[in-house]
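Novice: Have a look at the structure that comes next, please.
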Amino acid sequence: MNNIINKSNYKYFLVERKPSDNPKLPYAYESVQQTDTKKLLEQCRDMYDHLGELRERCLRYTNYALSDQWSDKIVDPSGLYWGSLITERDYIKRDGKVPLQYNVIGKIKDTILGVYRGGNHEPMAIARERGQQKLGEMMTIALQYAYNANNIQELNKHLLENGYCKGIVIRGTYFKRNNERQINDVYIENIPLEKVFFNSDVNDPLFRDIRIIGVLRDYTPQELVAAYAPHNPSMGRRLLQEYANHTQQYHPSLSTHDAFSHQRNLSNDFYLPTDYGKCRVYEIWSKETQQCYSWHDRATGTIGFRPLTQQVKAEFDAINQDRVSQFVSFGADPEEVPLIEYETDVRTYWYFRYLTPYGRVIAEGETPFEHNSHPFTIAAYPMINGEIHSPVEKLIDMQRIINRMLTQFDFVRQNSAHGLKMIPTTALGNLTPREFAEQYTQSGGWLFYTPKVGMPEPKVIQSASVSAGDIDMLQVFLRLNEDISGVTAALRGEVPKSGTPAALYQQQAMNSATNVADFLAWFNTFITSADYKMMKVIQQYYTDKRYIPIAGKQYSDESRYYDPDKIRNSEYDIVLAESTSTPAYRQLLEEKLDKFLEMQAIDLRTYLEMSQMPYADTMLETLKRREEEISEQQQQQQQITATPPQ
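In short: position in the sequence shown from 1, add 28, done, that's the numbering used here.
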């Protein structure tokens, strides 16, 4: 810096002294993190164990939502040992009953998923400066490209289902190598609660008080080397040696559990993977604080942090003294010299570590993301007083009563008299009871016997197995489920009763949707936060100009050419807008275009450019070709007319 300052240009570097001009912004820091990794692993194990009660509750909620509703354990009344437990299913079977169930919770869950699917929301980037709306459109196209590349609409559906069953959702946003497409691209994954740990004193609904969060990663030996030592064979060999006890047992066909078994995610062991031969790696992100010097060089406009040492302070003071001497020699006022301003500060930053179960560091460093945070987005419902309660929880009691009534009805019917025949033995004559029964039940058979005087005729007895009051009670509990969940027949799309006005039925559906609006709004808020983090990753890592062929006529061709230089220097907000690819939107658009065309407010070319009908593009191309042919014919005619006769 001092080499480019001379007597002719030093005035351009003079500044007016204002204490408020010293910004406090995060910047790279030259340091080596020293951590007791084994102690850190034990702290993470403690966090994982403290989430054990939540994992058990979430498993119970999921069982009720996915038709395993008799797995609750009770104390066995006839157990050999005091306090022995048995599942309700086994207890009912032992009494000779069949545990039946009618999954009302599953129907409610599917209805909410259907309502969400019907909305079909997509992210939209809104530029904060009015003059950069085209850049916002360009960012929106990039977001929709990432949605398509990661099939995020399907991931959102599964995440919503998890959120309804468990009350907590977690998503990771990375930038990784896509081997199938042979490019580096945004990578989105839904992370199960069974693989996550974080500090258990979280109390903020937005999880801003997260200080440490991590994921349990299980790899095959080949995946381990490919993930952490793809270009370093020696490191790959050291990794395999460290996991030698695990990798010797690995075989692709050797597994602890059956395929697609929910038992895979039930393991609560922090150090041992569920499947034999897998290698466990701990991805840990922690918020660190460190005392340092925050500095601002007013001559170059740069900022940063330096270690809090006497050597650094002496370096700053020496540079400032040299500048003062140099500027004064040029005739400048010492108060106007652009110095390096520095002061003691405490910086906060996120630090990542990938550790083996033995505490060895595979990789570590400060967060590589320019959003200066961890890659996870997490939300819990309803997060009141720091508590998580799944929407399924309030339906479980009603579901249990319904299942018990169905099981009781079935048991009563099985043990009731169904056409019981009472035959006096004196009426058998010379027939045995078996022969009498065969003749009695034979189609078209004849039974001859000599009745004795005073003996009754054979009787057939039918008994009522289930009373009408029991059926009415079952209907009451089914209606209670609707009242509690807010999912009525109108929202489920059931056919209304005869004579129901269409307006009334539509109003009932809208009112029912209001009952689930809070849960869906919570989920959309989570998706907006995750999409914002994805947008920041796109801004950081999409460094090459590219054409993004996103379908849809609402975007200009100019916006489809992604320009990273323009995008990186702009700020955007994310909103979730209803997709224009829904049938309802297309129908409304076509109706409006038809009216505009009839009113001659637009011409045929504009109509075809805006229309979403399948034939619109073909007709538009045909129209363009005809216009070109007519234009060529007119040019030829003009040339013939302009050419003088010979």
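No residue lacks a Cβ here, since even glycine has one placed at the ideal position from N, Cα and C.
1. What's the C-alpha gap between residue 54 and residue 333?
2. At 3 residues or longer, what runs of the beta strand (DSSP E) sit wholly inside the stretch 182-255?
3. Tell me the DSSP bridge mates of residue 370?
4. Do residue 199 and residue 216 count as a contact pair if the criterion is CB distance below 8 Å?
5. With H, G and I counted as helix, E and B as strand and the rest as coil, what does DSSP make of residue 302?
6. Could you tell me the alpha carbon to alpha carbon distance between residue 664 and residue 650, rounded to whole angstroms?
7. Is the beta carbon of residue 133 sitting closer than 8 Å to the one on residue 116?
8. Ignore the nearest five residues each way along the sequence and tell me which others in residue 666's own chain have a CB closer than 7 Å to its CB.
9. Spatial neighbours of residue 417 within its chain, please: CB distance less than 8 Å, with the 5 preceding and 5 following residues excluded, ordered by chain position.
10. Under the three-state reduction of DSSP, which class applies to residue 676: helix, strand or coil?
11. Just how far apart, CA to CA, sit residue 301 and residue 88?
12. Residue 330 by DSSP, collapsed to three states: which one?
13. Closer than 6 Å by C-beta to residue 100: which residues in its own chain qualify, once you throw out the five before and the five after it? Chain order, please.
14. Could you compute how far the alpha carbon of residue 184 sits from the alpha carbon of residue 415?
15. Measuring only the C-alpha atoms, how far is residue 356 from residue 330?
16. Over what stretch of residues does the beta strand (DSSP E) that includes residue 152 continue unbroken?
17. Starting from residue 439 and walking both ways along the alpha helix (DSSP H), at which residues does that stretch end?
18. If the criterion is Cβ atoms closer than 8 Å, does the pair residue 136 and residue 423 meet it?
19. Enumerate in chain order the residues of its own chain whose CB-to-CB distance from residue 565 is below 7 Å, with the five nearest sequence positions on each side excluded.
20. Please report the distance separating the alpha-carbon of residue 319 from that of residue 373.
21. Just list the residues that DSSP pairs residue 380 with in beta bridges.
22. The ligand ADP and residue 636: does the residue's C-beta get closer than 7 Å to at least one heavy atom of that ligand?
23. Enumerate in chain order the residues of its own chain whose CB-to-CB distance from residue 60 is below 6 Å, with the five nearest sequence positions on each side excluded.
24. By how many angstroms is the C-alpha of residue 336 removed from the C-alpha of residue 407?
25. Assign residue 52 to buried or exposed, taking buried as 16 or more other Cβ atoms, counted over all protein chains shown, within 10 Å of its Cβ.
26. Whose C-beta lies closer than 7 Å to the C-beta of residue 347 among residues of the same chain, with five residues either side of it excluded?
27. Taking C-beta to C-beta, are residue 380 and residue 312 nearer than 8 Å?
28. Where does the unbroken alpha helix (DSSP H) through residue 342 begin, and where does it stop?
29. Helix, strand or coil for residue 622 per DSSP?
30. Under 8 Å: do the stretch 557-572 and the stretch 161-175 share three or more Cβ pairs, one atom per stretch?
31. With 16 other CB atoms within 10 Å as the buried threshold, where does residue 317 fall?
32. Among residues of its own chain, excluding the 5 on either side of residue 219, which ones have a beta-carbon nearer than 8 Å to its beta-carbon?
33. Just tell me which of 273, 430, 212, 124 has its CA closest to the CA of residue 178.
34. Are the CB atoms of residue 595 and residue 567 nearer to each other than 8 Å?
35. Can you tell me whether DSSP reads residue 113 as helix, strand or coil?
36. Between residue 306 and residue 247, which are expected to be in contact by the criterion C-beta below 8 Å, what is the C-beta distance as a whole number of angstroms?
Specialist: Once the coordinates are examined:
1. Any answer about residue 54 is weak, because its pLDDT of 40 lies below 50 and its placement is not dependable; what the coordinates show is given next. CA-to-CA, the gap between residue 54 and residue 333 works out to about 8 Å.
2. Taking only runs of at least 3 residues, the beta strand (DSSP E) segments lying wholly in the stretch 182-255 are 196-206, 211-218, 224-226, 240-247.
3. 323.
4. Cβ distance < 8 Å, so residue 216 and residue 199 count as in contact.
5. In this structure, residue 302 counts as coil in the three-state DSSP scheme.
6. A direct Cα-to-Cα measurement between residue 664 and residue 650 gives close to 21 Å.
7. No; because the gap between Cβ atoms is not below 8 Å, this pair is not in contact.
8. No residues qualify anywhere along the chain.
9. Exclusion of the five residues before and after residue 417 leaves 195, 409, 410 as the residues of its chain whose Cβ lies within less than 8 Å of its Cβ.
10. Lying before the first or after the last residue shown, residue 676 is absent from the chain, which here runs from 29 to 674.
11. Distance between the alpha carbons of residue 301 and residue 88 is about 22 Å.
12. Shown here, residue 330 sits in a strand according to DSSP, grouped into three states.
13. Correct list, in chain order: 116.
14. Roughly 23 Å separates the two Cα atoms.
15. Near 23 Å, if we compare the C-alpha coordinates of residue 330 and residue 356.
16. Run containing residue 152: 149-155, per the beta strand (DSSP E) assignment.
17. Boundaries of the alpha helix (DSSP H) harbouring residue 439: 424-442, taken from the DSSP string.
18. In contact: residue 136 and residue 423 (Cβ atoms closer than 8 Å).
19. For residue 565, where only same-chain residues beyond five positions count, the Cβ hits under 7 Å are 201, 203, 214, 397.
20. Take the alpha-carbon of residue 319 and the one of residue 373: they are about 6 Å apart.
21. Note: residue 380 sits in a beta bridge opposite 313, 393.
22. With respect to the ligand ADP, the structure shown offers nothing to examine, as it has no ligands at all.
23. For residue 60, the pLDDT reaches just 45, beneath the cut-off of 50, and the residue's location in the model is therefore unreliable, leaving the point undetermined.
24. Their backbone Cα atoms lie some 37 Å apart in a straight line.
25. With a pLDDT of 39 at residue 52, under the threshold of 50, the predicted position of this residue should be treated as unreliable, and no value is reported.
26. Its chain contains 368 as the residues whose beta carbon lies nearer than 7 Å to that of residue 347, once the 5 sequence neighbours on both sides are disregarded; these appear in chain order.
27. The criterion of a C-beta distance shorter than 8 Å is satisfied by residue 380 and residue 312.
28. 338-357 is the extent of the alpha helix (DSSP H) around residue 342.
29. Correct three-state label for residue 622: helix.
30. The stretch 557-572 vs the stretch 161-175: in contact.
31. Answer is exposed; the Cβ neighbour count stays below 16.
32. These residues qualify, in order along the chain: 198, 199, 200, 243, 404.
33. Measuring from the Cα of residue 178, the nearest candidate turns out to be 212.
34. In this structure, residue 595 lies near residue 567, with their beta-carbon atoms less than 8 Å apart.
35. The answer is strand: DSSP assigns residue 113 an E or B state.
36. At roughly 7 Å, the Cβ-Cβ gap stays under 8 Å, so residue 306 and residue 247 are in contact.
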